[in-house]
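Keeping their order, the protein sequence lines are chains A and L.
Residue numbering for the first sequence is 1 to 145, as defined by full-length UniProt numbering.
Residue numbering for the second sequence is 1 to 145, as defined by full-length UniProt numbering.
In this text, a Cβ means the ideal position worked out from N, Cα and C, and glycines have one as well.
There are 2 protein chains.
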Amino acid sequence: MEAGMRNLFDSLGYSLGKASQAMAERFAPVLEPYGIDSRQFGILCVIGRNPGISQKSIGTNMRVDRTTMVALVDALESLGYCERSRSREDRRSYAIYLTARGKELTDELWGAMREVEDLTLDELPREVQDALLAVAATIQRKRRT
Amino acid sequence: MEAGMRNLFDSLGYSLGKASQAMAERFAPVLEPYGIDSRQFGILCVIGRNPGISQKSIGTNMRVDRTTMVALVDALESLGYCERSRSREDRRSYAIYLTARGKELTDELWGAMREVEDLTLDELPREVQDALLAVAATIQRKRRT
DNA sequence: TATTGTTATACTCTATAACTATA
DNA sequence: TATAGTTATAGAGTATAACAATA
C-alpha cells in the first residue's frame, strides 16, 4: 500500500456513520409532518417504556443536556404526545407519561421506521454493505474465542 | 406488544448511530494531539487517494459545504499536512496534495483507527452488537434472493 | 448543601450572500 | 454567464451560569 492511499470505505467507523446518516435522512421526512425529529421520537420511545420517568433521566439515558431537554419536551407536550405531572416522590421533578395519542403515534412511526430501515439497507453503497458484513464477522469471531 | 412500549435497541438506525458515535468518541482523543478532527482525517484520506483534487470535489465527496471547506483545509495546510497549488487546467481552483508529513500521519492514524475500531466493537453494549449482527443477516438474506 | 427544572446568554458550527478571479 | 475559492454575517443548536423550588 502506497503511503497515504487510504480508502475511507475500508473504515468501519466511516461506514457505520454513512449507514446511520442514510437512515436518519430517510426517516426525517417521515417524522416532519408530526412536528418532531428523530431525537424526539427517541424520547417518546423512552417515555413509553418508562412511564413516569423524569426529564433528567431521559436526558441521562439519551445523552441530552437537561437544559436542552426543556424545549424538546415542551414541543412534545404542546403537540399532545406527552404530559408532565409533578412527581409525588420528589416534587422537584416531573413524572412524564405518553398520552393516548403519543402511544398511537409511537406505534405508527415504529412501523414506518421499520420500512425505512429495510429500504435504506437496500440503498446503501455496496462498499458500506460490505463493511457492515465485516463488522458482524468480527463480532462473531470475537464471541467464538 | 403494549401500545407505545418500544425499545430503541430494537431499532437498526439507533444501534448504528450508537456504534458510530462510540467509534467517533474513542477516535477523537487520538486525533486531538495532531490538531485535527475526524472529518479532517477523512479529508486527508480523500486527498491521499486523489492527489491534485480540488476543495470543491472534496466537499462534494464528503458532503461538506465549500465555505466550510476553507477553514478545514486552512488548518490542515498550516499544520503542514497538505499543500494548495493553483491547478494548471483551471486556475480558479486549487490542486491539493498531501505533504510527506501528511502521508506519514495518514498512515499512522490509520493504524490507530484500526485499533480503535477493534476495541470499540468489544465495548459496544450487547444489544447494539446484536443489532449489528441483525443488520448483516438482513443484508445477506437480501443478496441471496 | 445538592438537585430538578427553567431562563437568559454566550459559544460553536454551518450555511447564505456578496465579492474576486478565472472560465 | 457560470464556477472555485474567499469573507462576513446571520441562523440554528448547544452548553454555561444563575435562579426558584424542593430535597
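Tell me whether the beta-carbon of residue i lies closer than 7 Å to the beta-carbon of residue j.
i             : j              : result
K18 (chain A) : V135 (chain A) : no
G48 (chain A) : R66 (chain L)  : no
T99 (chain A) : E83 (chain A)  : yes
G42 (chain A) : L8 (chain L)   : yes
S54 (chain L) : S78 (chain L)  : no
Y81 (chain L) : L109 (chain L) : no
Per DSSP, which residues does residue i bridge with? Please list them.
i             : result
I53 (chain L) : L:I96
S85 (chain L) : L:A95
Quick one: measure Cβ to Cβ for residue i and residue j, integer angstroms, because I've assumed they're closer than 8 Å.
i              : j             : result
G52 (chain A)  : I96 (chain A) : 7 Å
G102 (chain L) : G4 (chain A)  : 7 Å
L16 (chain L)  : L16 (chain A) : 6 Å
Q40 (chain L)  : L76 (chain L) : 6 Å
V46 (chain A)  : I58 (chain A) : 5 Å
Could you tell me whether any non-hydrogen atom of the ligand HEM is closer than 6 Å to the CB of residue i?
i              : result
R101 (chain L) : No copy of the ligand HEM appears in this structure; indeed no ligand is present at all.
Practice prompt. Determine contact between the stretch 104-123 of chain A and the stretch 5-21 of chain L, defined as no fewer than three beta-carbon pairs at a distance below 8 Å.
Written response: yes
Fill in: Cβ-based contacts, 8 Å cut-off: residues of the stretch 126-140 of chain A near chain L
Q129, L132, L133, V135, A136, A137, T138, I139, Q140
Worksheet item: Taking Cβ-Cβ distances below 8 Å as the criterion, which residues of the stretch 22-35 of chain L are in contact with chain A?
Response: M23, A24, F27
Worksheet item: Using a beta-carbon distance cut-off of less than 8 Å, what residues from the stretch 50-82 of chain A approach chain L?
Response: Under the 8 Å Cβ criterion, the stretch 50-82 of chain A contributes no residue.
Worksheet entry | Cβ-based contacts, 8 Å cut-off: residues of the stretch 102-115 of chain A near chain L | G102, K103, E104, T106, D107, W110, M113
Item to complete: Below 8 Å between beta carbons is the criterion; list the residues of the stretch 3-14 of chain L that meet it against any residue of chain A, in chain order.
Response: A3, G4, M5, R6, N7, L8, S11, L12, G13, Y14
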